[in-house]
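Numbering of the sequence shown is given in UniProt numbering, commencing with residue 1 and proceeding in unit increments. Just so it is clear, CB atoms sit at the ideal spot from N, CA and C, and this is done for glycine as well. Here the structure comes first, spelled out in C-alpha cells, and everything after it is commentary.
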Amino acid sequence: MIDLVFVVLPDTLLLDLAGPAEVFRLANQQLARRGRPPAFRLRHVGPEPQAASSVGATIAGLEPLPAAFERESWVLLLGQPSGCESALQQPLPAHWAATRRWLAEAVAPRLGHGVDVLTVCAGALLAADAGLLAGRRCTTHHEMLGDLQRLAPTAQVLANRLFVADGPVATSAGVTAGIDLALHAVGRVCGEAVAAAVAQTMVVFHRRGSEDPQRSALLAGREHLHPALHRVQDAVLDDPAAEWPLDKLAAIAHVSPRHLARLFAEHVGSSPRAWIEDLRVALAERALREGRATKQAVAEAGLGGPRQWRRLRARRRPAETPG
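Laid out in C-alpha cells, this is it:
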C-alpha cells in the first residue's frame, strides 16, 4: 500500500486537494469491487494542525510533517493562490519555510528510494524552492511558468502540458490537471481499467498523457456514458492479450453481436475490432516508452508481433511512423 501524503498549507486550493484525493479514494473502491486490496492510504499533513483553504473552509486534524517514511510514499504538494508570492517573499512565510526545510531534509534524501513527489498547480514552486526540480523536466500553471524557471534555473520547464513525469517527480498544470495526474498514477499502479472506471464515476474524460500533447489513445472512445460498452472496454483493458471475438464481447454487454457493433459505431465511433487494435497499439507504445523490448511490449499488448504493430501503427498514424 502506498501512503499518499497530502501537504496542506494555509490557503491551499481546495480542488487541488479534493480532486486527486477523490481519484485515489475511488481507485480503492474500484479495487475492492474487483476483490483486490486497497492500493492507497490517504494522509493529510502540514506545518500547522489546521489550515484555512482557498474557499475559507478550515481543514483540521492535520498530522505533523513526518520526520520519516515507514512505507512507500507519495508526497503531494498542492497549489495556493498566494503560492508565487510566498515563494518570492522575504522573509519567507513561516509555513513555507518550515515545509521547504522538511522537503530538503526529509524528502529529498529519499526521493526515488521509496518516496515520490507529485505537485499540483503552484505546488511545483514549493518543490522548486526546495531544490527538488533541479535538472528535471517539469511544468506548472501557465501563469507561473516564468516563476518556476526562476526558482529552478536548471530545470527544463515545459509549457502546454497537463503533467510531466520525470523519474520520481511528477508535476502538473493548473487546478484540474491534478485530477489527470492522479488518474495517470492510478493507471500505472492499478491498471488502466481501474483508472477508466474512476474517470467514468467522476464523469472526467482523460485528455493527455505526461509526454503526449494529444488525447491519450489508451482511453480514446471512453467519453460516452453507456454502461454496457464500458463493461466491454474494461474487460479488454483488464486482459488485452486475450482473444476477443465479437460474440464474446457481446456476451459481456448482454446484447447481440450485431447490436454491439451498432453501439460501438454510435458511441465510440469505430468498430469493436478497430477500437481493440488502437488500444493494443497504444499499450505497446507505452510499454516501449517504459523500456520494454519490442517483442515483450507487443506480446503484452496482445499483438501478433512487431510486424503487426508496425502495420497497424502505420495505418492509423502514418505521419508518426519512422521510415
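For T201, the enclosing alpha helix (DSSP H) has its first and last residue at E192 to M202. DSSP links T119 through a beta bridge to L77 and T171. Looking at the backbone, the Cα of V7 and that of L17 are separated by about 9 Å. Its Cα nearest to that of A159, the residue D147 stands out among P20, R110, D147 and K295. Collapsing the DSSP output to three states places R43 in a strand.
For A27, the three-state secondary structure derived from DSSP is helix. T201 and G19 do not touch by the CB rule: their CB atoms are close to 13 Å apart, not below 8 Å.
Within the model, the alpha-carbon separation for G221 versus A235 is close to 14 Å.
One Cα belongs to A170, the other to T99, and the distance between them is close to 18 Å. Pairing V198 with A27 gives a Cβ-Cβ distance under 8 Å.
Excluding its 5 nearest sequence neighbours in each direction, L225 has no C-beta neighbour in its own chain below 6 Å. Of all alpha-carbon atoms in A196, A265 and A104, the one lying nearest the alpha-carbon of Q233 is that of A196. Shortest Cα-Cα distance from R25 to any of S256, A182, W309 and P66 involves A182. Bounds of the alpha helix (DSSP H) holding A235 are P227 to D238. Here the segment 285 to 303 makes no contact with the segment 245 to 258; the two share fewer than three CB pairs at distances below 8 Å. Here the alpha carbons of D180 and E223 stand approximately 14 Å from one another. The continuous beta strand (DSSP E) containing V164 extends over residues F163 to D166.
Going by C-alpha positions, R101 is about 53 Å away from F264. Annotation: V55 is outside any alpha helix (DSSP H) and is labelled neither H nor E by DSSP. Residue state for L151 is assigned as helix, using DSSP reduced to three classes. Annotation: the continuous beta strand (DSSP E) that includes D3 extends over I2 to V7. Within the UniProt domain "HTH araC/xylS-type" (230 to 302), the runs of alpha helix (DSSP H) at least 4 residues long that lie entirely inside it are, in chain order, 246 to 253, 257 to 263, 272 to 289 and 294 to 300. Nearest to F40 by C-alpha distance, out of Q30, G46, P49 and P47, is Q30. Around the beta-carbon of M144, 16 or more other beta-carbon atoms lie within 10 Å, marking it buried. Ranking R273, A242 and V115 by CA distance to the CA of P66 puts V115 first.
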